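A short write-up of the structure that comes next.
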Amino acid sequence: MALKVDLLTKEELDYEIRLRGVEVSPSLKVIDLRKKLRQLISLDVNSNYLNLSGKVAFKEEWDKIKLETQVLGSRLEESIEQGLTLDIVRCETKINHWQRRLTNLSKLFKIEEKDIAKHVENRNSILSELLLKIKNLKIDKETSDNLVRKLSDSNLEIEGELEEASKPEVKDKSGLNMRDEVFVSGRPHLSYNKLPNPIERYLKELKICDGLNVQELLEFFKIILKLKKETRCTEEDIMEIAISHSQGALLSKLLEIKQDNVTVKLMLEILLNYFVPYHQRELLKFEKVHRPQRYNESLSNYIIDIKESVEVLCCNINERDVVELIKVGINPETRNKLVFMGNPSTYSELDEMCIRANNVGYADNVRKTGNNLNVNRKYNVPVNSIRARQETITCYKCNRPGHYAYQCREVNRKPVVNQRRPIVNHTPAINPENVGRNVQESKKLVSRESSNNELRKGELSRLPKIVSNKNSHELSAKLNHTWQKKNSENISLLPSLEIDFGKNISLNVLLDTGSSMNIISDRL
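One point on numbering: in full-length UniProt numbering, the residue at position 14 of the sequence shown is 14, and numbering is uninterrupted.
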């Protein structure tokens, strides 16, 4: 007798699943257990009592069998008195279930005590008598199957409602393997997995079109061509699909074309000539077919777009000419990657060229970014900071230690430029008439000249010390330049001094007394 899943309780369902070697969680509901057991039965998973070894306790199982035997006997008598056929069938299913459990228990445990063995045989005989009583009722098998089928349908509906309530709403059900129960007359009920329609993804992209918008019409043509090339749909099926997704002027024209039994290619050509004027068709060919590769457009996308545009716009161009158009439009960067490749003349060779160009681009990217395996990493090395010698800081502009170049004062110091001025005698002219009047002024001039003489003596005494602190090479170069420049001038009015600068350098130096008469352009 076939096992009727819908007539068993949760504990009985759990036992049947574990008997087939599958462990289930105790938190599962009756609905989930029924689904699991139906799946195992559909897969023809055999039941084996050895799957319960170590998982069943003899005393606990024996107590359950004794209790259920008494309950089933009383329930069967009530069902027979009331004439409840469904309850009688349920009792029959449960009696078969507990009789199998009793047999498995006697196989799992070797019963050595004679009293226990006698009780097991007694219970087995009681269950057999109950089955014989049901058999004597002569219930029609078709009637019992119909009753169970109704109960099974109601259980499946309840399970479906509970499953929809627990799960979020799924709008797109394509690609989901949904399990349906199918009942065929004269055959046992079958179960199968519902597969998605292979052309469903094309139908989702195919929008309802009226033919008045050129871009929508071209997209309509593109999907129709994909249905013809990538699926096994016949031309009659494609015509019906196109009619079902059209409206207005496009629908009336398709119905007119359908009567002529034309091919899909001829149908697209008729529609293109009917809805798109000649001048616009030529502009579309120039924009979509005779175009160069766009910036950052991959080679494969460029080739696919050109090939689709040639078919959509119904261009009478053979394969070789299309390949030549594609080769002319490739941008220089991509063409540089194809320098060592052959000259393609077919679509298959173009596909190979795309693969090679992609590989070259990957290699260029690896060279540009560097290999991750050869990264120079800095590791922490223990350093004795006490003995570490500090490097001296040196300015690279003045080559002096102690400061950086951005702190250098020599660069930020503005050079002093002394403009040459003509020699002017600022001593006021003495008028004989004003001699008595300017006696006070004459005394002031004499005192001023005496103070200037004292300043000159101090400068002369400090001059060797100042010169000794200067760089002898720079100073000698400056003095030579100044001496050559001033040699032709009259310098007899200023005092001169011969100074030994070291390293066999001895020069006559003009002294700037600080007065307004100055013929030395550089400061010492």
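We put the CB at the ideal spot given by N, CA and C, even for glycine.
Because the structure is a prediction, the values reported are computed rather than measured.
Own chain partners of residue i with C-beta closer than 7 Å, once the 5 adjacent residues on each side are dropped
{"i": "V228", "result": "Reading the sequence as shown, one finds Lys at residue 228 and not Val. Result list for K228: I238 and V264, in chain order."}
{"i": "F275", "result": "G211 and L217"}
{"i": "C315", "result": "K285 and V289"}
{"i": "N343", "result": "none"}
{"i": "D14", "result": "V24 and L33"}
Limits of the beta strand (DSSP E) - the one that residue i falls within
{"i": "D500", "result": "S496 to G502"}
Extent of the continuous alpha helix (DSSP H) to which residue i belongs
{"i": "F275", "result": "V264 to F275"}
{"i": "N96", "result": "T85 to L108"}
{"i": "K36", "result": "V30 to S42"}
{"i": "T69", "result": "F58 to Q82"}
{"i": "D14", "result": "K10 to L19"}
{"i": "G342", "result": "Where G342 is concerned, there is no enclosing alpha helix (DSSP H), given that its DSSP letter is neither H nor E."}
{"i": "Q280", "result": "Y278 to K288"}
{"i": "N197", "result": "No alpha helix (DSSP H) contains N197, which DSSP labels as neither H nor E."}
{"i": "K226", "result": "V214 to E230"}
{"i": "S348", "result": "Y347 to T369"}
Cβ neighbours of residue i in the same chain (closer than 6 Å, five flanking residues each side left out)
{"i": "I326", "result": "I303 and I306"}
{"i": "V360", "result": "K337"}
{"i": "R34", "result": "V5"}
{"i": "S506", "result": "D500"}
{"i": "F58", "result": "F109"}
{"i": "S144", "result": "V89"}
{"i": "R18", "result": "none"}
Where residue i falls: helix, strand or coil (DSSP)
{"i": "residue 525", "result": "The displayed coordinates of the chain run from 1 to 524. Any statement about residue 525 would go beyond what the structure contains."}
{"i": "P401", "result": "strand"}
{"i": "N316", "result": "coil"}
{"i": "T394", "result": "strand"}
{"i": "C209", "result": "strand"}
{"i": "S53", "result": "coil"}
{"i": "S246", "result": "strand"}
{"i": "E454", "result": "helix"}
{"i": "E121", "result": "helix"}
{"i": "N301", "result": "helix"}
{"i": "L251", "result": "helix"}
{"i": "K138", "result": "coil"}
{"i": "residue 541", "result": "Past the boundaries of the shown model lies residue 541; the chain is included only from 1 to 524, so the question cannot be answered."}
{"i": "Q293", "result": "coil"}
{"i": "L3", "result": "coil"}
{"i": "I126", "result": "helix"}
{"i": "K323", "result": "The identity of residue 323 in the sequence shown is Val, whereas the question assumes Lys. Reduced to three states, the DSSP call for V323 is helix."}
{"i": "V148", "result": "helix"}
{"i": "S47", "result": "coil"}
{"i": "I330", "result": "coil"}
{"i": "T234", "result": "coil"}
Close-in-space but distant-in-sequence residues of the same chain around residue i (CB under 8 Å, 5 per side omitted)
{"i": "S12", "result": "Here residue 12 turns out to be Glu, not Ser, going by the sequence shown. For E12, where only same-chain residues beyond five positions count, the Cβ hits under 8 Å are K94 and H97."}
{"i": "E498", "result": "S506, L507, N508 and V509"}
{"i": "Q280", "result": "V214"}
{"i": "I139", "result": "T85, I88 and V89"}
{"i": "L137", "result": "I80 and I88"}
Under 9 Å between C-beta atoms of residue i and residue j
{"i": "E61", "j": "L127", "result": "no"}
{"i": "V148", "j": "L7", "result": "yes"}
{"i": "R356", "j": "M341", "result": "yes"}
{"i": "V5", "j": "L37", "result": "yes"}
{"i": "E308", "j": "L225", "result": "yes"}
{"i": "S42", "j": "R20", "result": "no"}
{"i": "K258", "j": "I243", "result": "yes"}
{"i": "L271", "j": "F221", "result": "yes"}
{"i": "I134", "j": "E92", "result": "yes"}
{"i": "V322", "j": "L268", "result": "no"}
{"i": "Y404", "j": "I393", "result": "yes"}
{"i": "S53", "j": "L102", "result": "no"}
{"i": "L206", "j": "I223", "result": "yes"}
{"i": "T346", "j": "L299", "result": "no"}
{"i": "V45", "j": "V30", "result": "no"}
{"i": "C408", "j": "P401", "result": "no"}
{"i": "Q99", "j": "N122", "result": "no"}
{"i": "V328", "j": "I317", "result": "no"}
{"i": "T231", "j": "P196", "result": "no"}
DSSP bridge partner residues for residue i (one or two, in chain order)
{"i": "V509", "result": "L497"}
Residue-level contact to chain B via CB, residue i, 9 Å cutoff
{"i": "H290", "result": "The structure shown contains no chain B, having only a single protein chain."}
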